[in-house]
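Using our numbering, the first residue of the sequence shown is number 94, and each one after it goes up by one.
Don't be surprised by glycine CBs; every beta carbon is placed ideally from N, CA and C.
The structure presented is a predicted model; accordingly, all values stated were derived computationally and were not measured.
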Amino acid sequence: MQSDSGLSRWLKVPLLYNVFQAAVGGNAGRRRIVQNHVRAKAGDKVIDIGCGPAQALQCLPDVQYVGFDINPDYIAAAKRTYGSKGTFVVGDTHSLRGDLRFKNADIVTAVSVLHHLDDEDAADCIQFAYDALKNGGRFVSHDPCWVPNHGAFSKYIMSHDRGRNIRTEQQYRELAEKVFRNVKASVDTKPMRIPYVTVVLECEK
Ligand SMILES: C[S@@+](CC[C@H](N)C(=O)[O-])C[C@H]1O[C@@H](n2cnc3c(N)ncnc32)[C@H](O)[C@@H]1O
Numbered sequence: 094m095q096s097d098s099g100l101s102r103w104l105k106v107p108l109l110y111n112v113f114q115a116a117v118g119g120n121a122g123r124r125r126i127v128q129n130h131v132r133a134k135a136g137d138k139v140i141d142i143g144c145g146p147a148q149a150l151q152c153l154p155d156v157q158y159v160g161f162d163i164n165p166d167y168i169a170a171a172k173r174t175y176g177s178k179g180t181f182v183v184g185d186t187h188s189l190r191g192d193l194r195f196k197n198a199d200i201v202t203a204v205s206v207l208h209h210l211d212d213e214d215a216a217d218c219i220q221f222a223y224d225a226l227k228n229g230g231r232f233v234s235h236d237p238c239w240v241p242n243h244g245a246f247s248k249y250i251m252s253h254d255r256g257r258n259i260r261t262e263q264q265y266r267e268l269a270e271k272v273f274r275n276v277k278a279s280v281d282t283k284p285m286r287i288p289y290v291t292v293v294l295e296c297e298k
């Protein structure tokens, strides 16, 4: 579920989303996640759940990229910007289940997506990622997370995030461990220019 008031509504516009991400350091953060955790190689098949305007493509090598998002405006922007560099599809993990384009992946990513989903949809998203992966493939997620003694300023900013389901590291981990046996979590307390705390999960099939 997403909040739909104020800034949140404007961020659904692809250009404003891209400008906002650049301003708060989100693009640099995404680049670090792709380099340090996604670690895709040229030729890999990468499925990007909740891809937004597909800015991850700016940081990936020459991969076989398939992204999907529920926001048709983001998918239209991804097609305009990246054309044949990827396949961009409107949908979610329910509507696209069984679609053969979302199988046999080396890596599945969900960057800043799980905190938009309630526990039931997040579990479905993680199961979708598992089913889409080859054996030995990896699912990488990235989301804001609550930590003990969370700073007041960062707590205030994060409580205004569009995603209404920010969890603790342990809660994200428990969701992933229902599906994946091997789950590694890395918390970052300075991921962006604004006070924020995030966690990356790396899950191996
Ligand atoms: C914070 S944005 C992140 C976009 C992109 N991953 C990035 O790194 O810029 C969260 C995205 O998740 C998408 N989203 C939310 N719920 C979704 C769902 N159920 N299925 C697919 N995408 C979803 C939103 O439309 C939005 O593009």
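A direct Cα-Cα distance of roughly 6 Å separates Q157 from G136.
Closest in alpha carbon position to G229, among V204, A198, N258, is A198.
In this structure the segment 129-143 touches the segment 159-177; the number of beta carbon pairs closer than 8 Å is three or more. With a cutoff of 6 Å, D185 counts as near ligand 1, since its C-beta is closer than that to a heavy atom of the ligand. Close CB contacts of I200 within its chain, under the 7 Å cut and outside five residues either way in sequence, are with V131, A133, D137, V139, G230, R231, V233 (chain order). Membership of I168 in any beta strand (DSSP E) is not indicated; the residue belongs instead to the alpha helix (DSSP H) covering 165-175. Here F232 is bridged, per DSSP, to V201, C296. A169 and N111 have their C-alpha atoms some 14 Å from each other. The beta carbon of A278 is closer than 6 Å to those of E262, R266, V292, L294 in its chain, skipping five residues each way along the sequence.
Per DSSP, the continuous alpha helix (DSSP H) segment holding I250 begins and ends at 245-251.
Exclusion of the five residues before and after R123 leaves Q148, A149, C152, V204 as the residues of its chain whose Cβ lies within less than 7 Å of its Cβ.
T186 has its alpha-carbon roughly 19 Å from the corresponding atom of A171.
Set against 6 Å, the gap from the CB of R123 to the closest heavy atom of ligand 1 is smaller.
If only uninterrupted alpha helix (DSSP H) runs of at least 4 residues are considered, those enclosed by the segment 256-288 are 262-270. When the beta-carbon positions are compared, D236 and H253 stay at least 7 Å from each other. With 16 or more other CB atoms across the displayed protein chains lying within 10 angstroms of its CB, G179 is buried.
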